[in-house]
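Working notes for the structure below.
There are 4 protein chains.
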Amino acid sequence: MLSDDETTIKELKGVIKKFRDERNWQKYHTPKNLAESISIEAAELLENFQWKNEEEINELLNDSKYKDEIKEELADVFNYCLALSIALDIDLSDALLEKVKINSKKYPVEKTKGKYKKYSKL
Amino acid sequence: MLSDDETTIKELKGVIKKFRDERNWQKYHTPKNLAESISIEAAELLENFQWKNEEEINELLNDSKYKDEIKEELADVFNYCLALSIALDIDLSDALLEKVKINSKKYPVEKTKGKYKKYSKL
Amino acid sequence: MLSDDETTIKELKGVIKKFRDERNWQKYHTPKNLAESISIEAAELLENFQWKNEEEINELLNDSKYKDEIKEELADVFNYCLALSIALDIDLSDALLEKVKINSKKYPVEKTKGKYKKYSKL
Amino acid sequence: MLSDDETTIKELKGVIKKFRDERNWQKYHTPKNLAESISIEAAELLENFQWKNEEEINELLNDSKYKDEIKEELADVFNYCLALSIALDIDLSDALLEKVKINSKKYPVEKTKGKYKKYSKL
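Protein chains in written order, with the numbering used here: chain A, 1 to 122; chain B, 1001 to 1122; chain C, 2001 to 2122; chain D, 3001 to 3122.
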């Protein structure tokens, strides 16, 4: 059993790589195929919230079966994110931190506190 | 600077949570909004491969600017995966490992080695 | 100028086919590429609603510039739906009617009136 | 039975509107919900091409069952495009023609004939 408290991205990449290599599936793991798969799994995740408003979702979340379905679909998206980062030799931790730095400049705290402005720009 | 070799999911969750909380953006981080955002960012990632075949992509990957764009979009998807796991208190490492176990039974090595069968079932 | 009142799908297919053929873009219009493009444009459409709740959206819809952006993204999705139906020689009108028949059986009026049941099945 | 040769968008909108209104589903047909549904169905369409290269897809297309699945998913995307155009009172034919005009200027025939340039701009 793994836990977020102690598990590194490297370890998770190892799990995904092992699964792939045992099946000789490297040939399927092209960047384009993996990006497609991330989109497909993202939509399956979104399907859990389709037609429902926030209150209905919050109520459903008391049902562990519902939450488990979401957890499983989120794992699928994460799985292919890791696979793409393996295929392209991307350091995910570094990529995330770099992007957070960019976003911090794009959305400075003093201008965005409490409101997200996109349409009617900052 | 962070690296996959040493960075735990917990640490990355901490980065995302800090960014969100400094801006008081918790109210935007509903499960439905975050699932939507994962889909939107996944499509932006896919856009890097649109209309291109594998050879063209492989050639473009020699260009660090192209690879950086992919890295940035992948970071966006991962960012919202972490945010959703925070919002729903999901342990991502555990979720991933559980899903890999399910997939290992669904796609046993001896039956799937070298070929992925979906349409014409196993 | 065209209007939904009088324009047939055949005419719209003609517009799309002409645009494609003038540029010799048939080679790009493979089923996989077009399905990818539908997903990408669908996400750009969805981006107009990202982070916003229904009230905010309804207010923004009073702004013709906002509505025009949505109209443009919807046109992109529709564009590639037509292109895929051309590439695969699919009659879209027939496809739609057939699907509505399937859905009519799946969601009979007497059981679904006023409520859409998916998670907690019918 | 309907055919693209003769069917207007108005008629197809009528079919979708009737299906919706018989079930009192207007309340679910908010712009945001419909845009989500377009994305979800677009991904289900894309799933038919997941992990497959163009040759494999072309071979599968000889199988009418495979083509019917694609036809059905394409109908789903089109269905929600029509529903969104109804909800927002958008003339789809006009929207498409306007977008083709914009694209014609963006991608002039003489500069784009035979090649689609996006990454390495025109």
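Think of the CB as a built atom: it goes at the ideal place given N, C-alpha and C, for glycine as much as any other residue.
Nonlocal neighbours in the same chain, by C-beta distance under 6 angstroms from residue i, ignoring five residues either side
i	result
residue 76 (chain A)	41
residue 92 (chain A)	9 and 85
residue 1070 (chain B)	1048
residue 3078 (chain D)	none
residue 1002 (chain B)	none
residue 1098 (chain B)	none
Neighbourhood of residue i by C-beta, 8 angstroms cutoff - its chain only, sequence neighbours within 5 removed
i	result
residue 82 (chain A)	9, 12, 13, 16 and 92
residue 3087 (chain D)	3029, 3030, 3031 and 3034
residue 3120 (chain D)	Confidence in residue 3120 (chain D) is poor, its pLDDT being 42 and thus under 50, which makes the residue's placement unreliable; the coordinate value appears in the next sentence. Around residue 3120 (chain D): no qualifying Cβ.
residue 3057 (chain D)	3049
residue 1074 (chain B)	1045
Residue range of the unbroken alpha helix (DSSP H) whose run includes residue i
i	result
residue 1031 (chain B)	1031-1047
residue 2079 (chain C)	2064-2087
residue 1021 (chain B)	1009-1022
residue 2054 (chain C)	2054-2060
residue 2092 (chain C)	2092-2106
residue 1111 (chain B)	1109-1112
Outcome for residue i when other beta-carbon atoms lying within 10 angstroms are tallied against a minimum of 16
i	result
residue 122 (chain A)	Below a pLDDT of 50, predicted positions are generally treated as unreliable, and residue 122 (chain A), at 39, falls in that range; the measurement from the model is reported next regardless. Answer is exposed; the Cβ neighbour count stays below 16.
residue 3004 (chain D)	buried
residue 1108 (chain B)	exposed
residue 47 (chain A)	buried
residue 55 (chain A)	exposed
residue 2050 (chain C)	buried
residue 1006 (chain B)	exposed
residue 1044 (chain B)	buried
residue 2018 (chain C)	exposed
residue 2101 (chain C)	exposed
residue 106 (chain A)	exposed
residue 2027 (chain C)	exposed
residue 1052 (chain B)	buried
Cβ shell of residue i (< 7 angstroms), same chain only, five flanking positions each side left out
i	result
residue 1066 (chain B)	1060
residue 80 (chain A)	34, 37, 38 and 41
residue 3072 (chain D)	none
residue 3110 (chain D)	none
Contact set between residue i and chain D, taken where Cβ atoms lie within less than 8 angstroms
i	result
residue 46 (chain A)	3036, 3039 and 3040
residue 43 (chain A)	3039, 3040, 3042, 3043 and 3044
residue 2086 (chain C)	None at all; the shortest Cβ gap to chain D is about 10 angstroms.
Within chain C, partners of residue i - CB distance below 9 angstroms
i	result
residue 1075 (chain B)	Ordered by position in chain C, no residue passes the 9 angstroms Cβ test against residue 1075 (chain B), which lies about 17 angstroms from the chain.
residue 3059 (chain D)	Within 9 angstroms Cβ-Cβ: nothing; residue 3059 (chain D) doesn't reach chain C, min ~12 angstroms.
Neighbouring residues, chain B, relative to residue i (Cβ below 8 angstroms)
i	result
residue 2079 (chain C)	Going along chain B, no residue has its Cβ under 8 angstroms from residue 2079 (chain C), so there is no contact; the nearest lies around 14 angstroms.
residue 95 (chain A)	1071, 1072, 1074, 1075 and 1078
Listed by chain order, chain B residues near residue i by CB distance under 7 angstroms
i	result
residue 107 (chain A)	1023
residue 6 (chain A)	1008
residue 2050 (chain C)	1036, 1037 and 1040
Partners in chain D for residue i, counting only beta-carbon separations shorter than 7 angstroms
i	result
residue 2064 (chain C)	What residue 2064 (chain C) touches in chain D: nothing, since even the nearest Cβ is about 12 angstroms away.
residue 2054 (chain C)	3030 and 3032
residue 2017 (chain C)	Ordered by position in chain D, no residue passes the 7 angstroms Cβ test against residue 2017 (chain C), which lies about 11 angstroms from the chain.
Interface partners of residue i on chain C, CB under 8 angstroms
i	result
residue 1033 (chain B)	2050 and 2051
Closer than 9 angstroms at the beta carbon, the chain A residues around residue i
i	result
residue 1114 (chain B)	23, 24, 25 and 27
Residue i Cβ short of 8 angstroms to the ligand SAH heavy atom set
i	result
residue 2071 (chain C)	Here there are no bound small molecules, and the ligand SAH is not part of this structure.
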